[in-house]
Each structure stands twice: as structure tokens, then as C-alpha cells.
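K.L.:
Under our numbering, think of the first position of the sequence shown as 670, with each following residue one higher.
No residue lacks a Cβ here, since even glycine has one placed at the ideal position from N, Cα and C.
Can you read through this structure? Questions will come right after.
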Amino acid sequence: MIKRKTTVEENNILKEIRRNATREKEVVQALKKEDGLTWEEDGVVYIEGRVYVLNNKKILEEILKKNHESVDIGHPGQHRMLELPKRTYWWPGLKEDVKKYVQGCFKCQQNKVQHQRKAGELHPLDIPQGPWQEISIDIIEPLPKSNGMDAIMVIVD
């Protein structure tokens, strides 16, 4: 068994986990295997040395908030954010929950780095001297059949 030091915040989370004894079927089966990778200690299930967190919105939100909005971490992106709770906790759908949390964070979306090059200047077309000197044609297809036809041709002069 792997022993870890816990902080006050983690102790509050662990107390909440102990109160809710509900477990998914996969976790119960893993505990029955007794392979040394999954064990229970003081009412908390550990999977590969990480605390198993049951599907409780309050607990998940607290863990994600602690690992995302603390002063010393400073709103990490999805990849860095995923590594933080993954060190200590595990639950089904961890990656998806982290992704949703970061996408829902207003500050992260405001400060998101743009990886696209800026658009270049627009170069307008020259104005034609008379009718039918410049034309454009656009064909829109396939469309539902109407009178045996399934396309529209648009000609702009």
C-alpha cells in the first residue's frame, strides 16, 4: 500500500467521500480481485494509489475548483489541469469533466491564446466598366427534385 500525506482541503474531500458509501459496479469488482492495485482504507477506496471519487457533483466540483482556481496554479489549460487532479484522484470520466470545466471557465476563455495567423488585408475587385464584362456563376446542388430539377445556377453580372 502507498501512504500519502494529505492537506486540510483533501481531508475535507475525504470526509465527504466517506459519508457517501456508493460505489460503481467496476470498483466493487476491482476490490474483490485483491490484486494490490485497488484497496479500501478508512472508508476510502484507492485505485493504483489514487483516491476513487464517486459520482457526486459537489465533490467533483470542489476538486476541480481546487486544482484550477487556486492562486499558486493560476488557471492552467486542459492538459495541465488534467495532470493535477490525476495525481491524487480518479473517477470515471475524469478527462471529460476537466475539459468541460476548463471550457466553462470565463477567465480561461478570455485569456485563451489564438493560434491562427491574423487575416490579411482585403483586396476588393476592380469595378467593371460596363455590363457583362465581369460575371460570376454559382451552381447549388444537390437539392430535392422539383419539376425534375435538382440544382440552381446563379449568374451575377
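What's the C-alpha gap between Glu685 and Ile728?
P.N.:
7 Å
K.L.:
Among Arg749, Trp801, Glu752, Asp711, whose alpha-carbon lies nearest the alpha-carbon of Asp826?
P.N.:
Trp801
K.L.:
How many angstroms separate the CA atom of Trp760 from the CA atom of Asn725?
P.N.:
10 Å
K.L.:
Suppose you measure from the CA of Gln779 to the CA of Val740; what does that come to, to the nearest Å?
P.N.:
The alpha-carbon of Gln779 is positioned some 18 Å away from that of Val740.
K.L.:
Using DSSP's beta-bridge definition, name the partner residues of Ser805.
P.N.:
Val825
K.L.:
DSSP state of Val720, grouped into three classes?
P.N.:
strand
K.L.:
Does DSSP put Glu709 in a helix, in a strand, or in coil?
P.N.:
strand
K.L.:
On the criterion of 16 or more Cβ atoms from any shown chain inside 10 Å, does Met750 qualify as buried, or is it exposed?
P.N.:
buried
K.L.:
How many angstroms separate the CA atom of Lys701 from the CA atom of Lys734?
P.N.:
33 Å
K.L.:
Going along the chain, which residues of its own chain have a beta-carbon closer than 6 Å to the beta-carbon of Lys776, five neighbours each way excluded?
P.N.:
In chain order, His744 place their CB closer than 6 Å to the CB of Lys776, counting only its own chain and leaving out the 5 sequence neighbours on each side.
K.L.:
Alpha carbon to alpha carbon, how far is Val696 from Gly762?
P.N.:
If you take the alpha carbons of Val696 and Gly762, they lie about 14 Å apart.
K.L.:
Just to check my reading of the structure: Ile804 and Ile824 have Cβ atoms closer than 8 Å, yes? What is that Cβ distance to the nearest angstrom?
P.N.:
Contact flag correct, Cβ pair sits at about 6 Å.
K.L.:
I need the DSSP call for Val782, collapsed to helix, strand or coil.
P.N.:
coil
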